[in-house]
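Notes follow the structure.
Residue numbers (this note's numbering): 160 to 333.
What follows is the structure, encoded as structure tokens:
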């Protein structure tokens, strides 16, 4: 089976759209890029989310204004870039443990998948931040705890919606 580049381009386009879409939630700037890549990893049968996130990072480093809060080689020094690097293990994990069409909403593992995936994202990002010597408790609360809670809440809502779509599709194919 050949690799479908249209899915990678779709993932890249969705990543770019999600990154430049910043919502103000109670005075906090939130970009849904993590959520979008998580959902893409749950939908496709191949790991287009990882390939798309690598392409997204490369294009942003090359200077195309696709990151939510900047771009270019100078963005590598920003704390937010560590979260972009953490997208790679995040999307790999999310894909490896993605939901299948046969799972029901009551399956116990379904509730832990987003929690573990987003936990890996924030763990890797904060380890990278600590390794660069720029760990700050207030940024940790802002970037990890608030973003993590928002992402988890939205991921659970999206998984419930995806499951309903999958069940509807499965029932029409019978």
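From the three backbone atoms N, C-alpha and C, an ideal C-beta is built for every residue, glycine too.
Listed as beta-bridge partners of residue 184 by DSSP are 187.
Residue 216 sits away from residue 176, with the two beta carbons spaced by 8 Å or more.
Residue 203 sits in coil when the DSSP states are folded into three classes, being neither helix nor strand. The three-state reading of DSSP puts residue 229 in strand, counting E and B together. Residue 289 counts as exposed, since fewer than 16 other C-beta atoms from the protein chains shown sit within 10 angstroms of its C-beta.
At the C-beta level, residue 189 and residue 182 come within 8 Å of one another. Distance between residue 239 and residue 283, taken at the CA atoms: about 12 Å.
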